[in-house]
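J.: Each residue of the sequence shown is one higher than the last, beginning at 148 in this note's numbering.
Even for Gly, the Cβ is constructed at its ideal location relative to N, Cα and C.
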Amino acid sequence: MCSIIGYSGKLTFAAPLLVESLKKMEYRGYDSVGIATLNNGSILVSKGVGKVTEVDQNMQLNKLPGAIGIGHTRWATHGGVNDKNAHPHYSCTSRIAVVHNGIIENYEELKIKLERDGHAFKSQTDSEVIAHILEKYYEKYNFSIRDTMTHVCEEIRGSFAFVAVFDNGVIAGARFDEPLIIGVSQDALFLSSDVLGFLKYTDKAIFLDNGDIAILENKKYTIFDNNRKIITRPITQVAWELGSAEKGKFAHYTIKEIHEQSDTLLKPFEASNDFETFCKFLNTASNIYITGSGTSYNSGLLGKLLLSKYAKKKSEVYMSSEFQYFSDTVEPNSVVVAISQSGETADVLHSVKRAKENGAKILSIVNIPTSSLARMSDSFLSLNCGPEIGVAATKSFMGQLMILYNIVFILSNRSLRFSVKDQKNLQNLVKRALDLNDKIKDVVNSFDTNLKDIYILGRSIHYPIALEASLKIKELAYIHAEGIAAGELKHGPLALIDKESVVIVLNPNDETYQDIISSTNEIKSRGAFIIGISNLPSDLYDVFIELPETELYLYPLVEIIPLQMMSYYLAIQKQLDPDYPRNLAKSVTVK
Ligand code: F6R
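(1) Rounded to the nearest angstrom, what separates Q720 and I651 at their Cα positions?
(2) Quick one, which of A398, D657, F397, D525 has its alpha-carbon nearest F422's?
(3) So is the beta-carbon of I215 under 8 angstroms away from any non-hydrogen atom of the ligand F6R?
(4) Give me, in chain order, the residues of the same chain whose beta-carbon lies closer than 7 angstroms to that of K738; leave out the 5 immediate sequence neighbours on both sides.
(5) CB Y348 to CB V538, shorter than 9 angstroms?
(6) On the premise that P415 lies in contact with L528, defined as a C-beta separation below 8 angstroms, what is that separation, rounded to the nearest angstrom?
(7) Please report the distance separating the alpha-carbon of I370 from that of T184.
(8) Could you name the residues of the same chain whose beta carbon sits closer than 6 angstroms to that of I114, not counting the 5 residues immediately before and after it, in chain order?
(9) Can you list the beta strand (DSSP E) stretches of 3 or more residues lying completely in the segment 334-372, in chain order?
(10) Are the CB atoms of K733 and R221 nearer to each other than 9 angstroms?
(11) Can you find a heavy atom of the ligand F6R that lies under 8 angstroms from the Cβ of K578?
(12) When every heavy atom of the ligand F6R is checked, does at least one fall within less than 8 angstroms of the C-beta of A540?
(13) Could you check the C-alpha separation between I794 and I318 for me, to the nearest Å?
(14) Have a look at V202 and L208 and give me their C-alpha separation to the nearest angstrom.
(15) Expressed to the nearest angstrom, what Euclidean distance is found between the alpha-carbon atoms of D341 and I435?
(16) What are the start and end residues of the beta strand (DSSP E) that includes T184?
(17) Here's the rule I'm using: 16 or more other beta-carbon atoms within 10 Å means buried, otherwise exposed. How should N560 be labelled?
(18) Going by the CB atoms, is the gap between S155 and I215 shorter than 9 angstroms?
(19) Provide the residue(s) that pair with I509 in DSSP beta bridges, ordered along the chain.
(20) Taking DSSP as the reference, what is the three-state secondary structure of I719?
(21) Can you determine whether any heavy atom of the ligand F6R sits closer than 8 angstroms to the C-beta of Q488, and answer yes or no?
(22) In the DSSP output, which residue or residues are listed as bridge partners for E629?
(23) What is the rounded straight-line gap between the Cα of F556 and the Cα of F691?
(24) Would A616 pass as a contact of I644 if the rule is Cβ separation under 9 angstroms?
(25) Could you check where the alpha helix (DSSP H) with M466 kicks off and where it finishes?
(26) So for S306, helix, strand or coil by DSSP?
(27) Enumerate, from N- to C-terminal direction, the unbroken beta strand (DSSP E) stretches of 3 or more residues contained entirely within the segment 638-712.
(28) Looking at the structure shown, is R322 part of a helix, part of a strand, or coil, going by DSSP?
(29) At which residues does the alpha helix (DSSP H) containing S455 begin and terminate?
(30) Taking 9 angstroms as the cut-off, decide whether the C-beta atoms of Q488 and V464 are in contact.
(31) In the DSSP assignment, the alpha helix (DSSP H) including V199 goes from what residue to what residue?
(32) Closer than 7 angstroms by C-beta to F473: which residues in its own chain qualify, once you throw out the five before and the five after it? Chain order, please.
(33) Can we say the segment 698-712 touches the segment 582-599, given the rule of at least three CB pairs closer than 8 angstroms?
(34) Starting from T159, follow its DSSP beta bridges and name the residues at the other end.
(35) To the nearest angstrom, how far is it from the Cα of F335 to the Cα of K367?
(36) Checking 9 angstroms against the spacing of the C-beta atoms, do A308 and P326 come in under that value?
Here's what the structure looks like:
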């Protein structure tokens, strides 16, 4: 989605800081960028289409004079990607500029009214209505900034966070279902969508609650709650080191994060995670529902299989965007396990809210312990894997699986032979899978660059990995990819297979092995090119990717790695930027 930053502090020039902050948060949305600063009582705006570095070079963003300011990177929802729709948006008189993340649902009716009252719109965005309503109350009715903000928040509907700079030097922001965090240091105050926006300057953060309005004025901040009463919110010390958000020796965050997995997989066990309490909730629940979106849904699907197979526990798994349609049957004594790297995904939050209304307990698995999801949960477990900057989820998927494996280990009365906490074994295993890097690069380089379709077959615990691999290939390499439960092949998808097809079979030597070999024979005889990912070779494979030997139930943790690398190298082969896939954003905070 979009990222927003507001800065008010001691610096004489705010622009370079705003540009740097936007670079740190660019993963949230990256089709256009802009900043506004206040200079000698005038608000200056500079903005354009492209990544932060590009627009900064073209427009000299960091040269904009002024000591306080706001900034934005955009992920378009309303209005095309063009300079006019880039934020910040001015009020008619340019005495206010605003940046916004989220969706204003009633913007069309508001726009009609505002235009009738003489306001001239310059963009096609929903966001611009905020600037004009601010103008109405602040300039026309001469309201205080607090009252102006209150009225704006009453008039607009939807899920949003916005930050405005006023020509009197005040920065104000509001949070309604989209994240907004105050960063507090001795020298400066920030209002940001993400702690990464200010972590270089301070690790002290105040996470605004839904409905809060914050005003930064004269080096002080004031927070008003939903009833517009002044409220004190706790200051949280954010634990992340900035170093972990750098690319280091790697060309992209994505490949760096893939390679980090041999370290990050054990991070959930270094955090203060209370697995026992989490598992107690699961043990006493009448029903267990698991939900998540995208990659987090795929890990939930594996969680369901592991719970059933090894802990003999029944659960249901739903994509969060679909879960709301089943909320009528979520009973009070049930538990919802919500999985989300960001903890801010709108579909997840929405479905969890519905389940909570029905009386369900909420357990979450998140990477951001201060996220909205963690804060609305009865218990949460943290992946603790550090910032994941690449838009495609990689190390967070691994962290989610590790937590799910450990839950299953506890719920099965530790009857699995191998605990995921057995550090040496697992780390070695993952390291050996990471050693496949060069082999995977060579395999990808041997592919036709016009590759159109890739199918990934798996059964049982390998099926969620097939789905996850297909998601990675789609988003990183823009190639049509389908994860298929191999048993379903004959029920339809086999019709797609021909000499042009590339089929990856996930085939460790477990109970699914023989059936996968049968399916492989069927596709081989249709002329497809077969990549076998297994611990056993077979003449059926045109390319064999050999997995290290391990306990059979741990193979999902290993087999995903060559597939993540394959997706990355497919993107590189097509000269795409794997860190910033087109049309996507890291944190999908709109429904
Ligand atoms: C895939 C990907 C997305 C996210 C999905 C959920 O690589 O990144 O599919 O997994 O948007 O995001 P979180 O886990 O933050 O709720």
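T.: The relevant details are as follows:
(1) 18 angstroms
(2) D525
(3) no
(4) A493, D494, H497
(5) no
(6) 7 angstroms
(7) 23 angstroms
(8) The first residue shown for the chain is 148 and the last is 738, placing residue 114 beyond what the model contains.
(9) 335-339, 351-354, 360-364, 367-371
(10) no
(11) no
(12) yes
(13) Residue coverage of the chain in this structure runs from 148 to 738, which leaves residue 794 outside it and unanswerable.
(14) 7 angstroms
(15) 31 angstroms
(16) 179-186
(17) exposed
(18) yes
(19) V483
(20) helix
(21) yes
(22) Y602
(23) 31 angstroms
(24) no
(25) It is not in any alpha helix (DSSP H) - M466 instead sits in the beta strand (DSSP E) that spans 463-466.
(26) strand
(27) 649-653, 676-681, 690-693
(28) strand
(29) 441-458
(30) no
(31) 199-206
(32) Y465
(33) yes
(34) BP columns for T159 are empty, so no partner.
(35) The identity of residue 335 in the sequence shown is Ala, whereas the question assumes Phe. So the two alpha carbons sit approximately 9 angstroms from each other.
(36) yes
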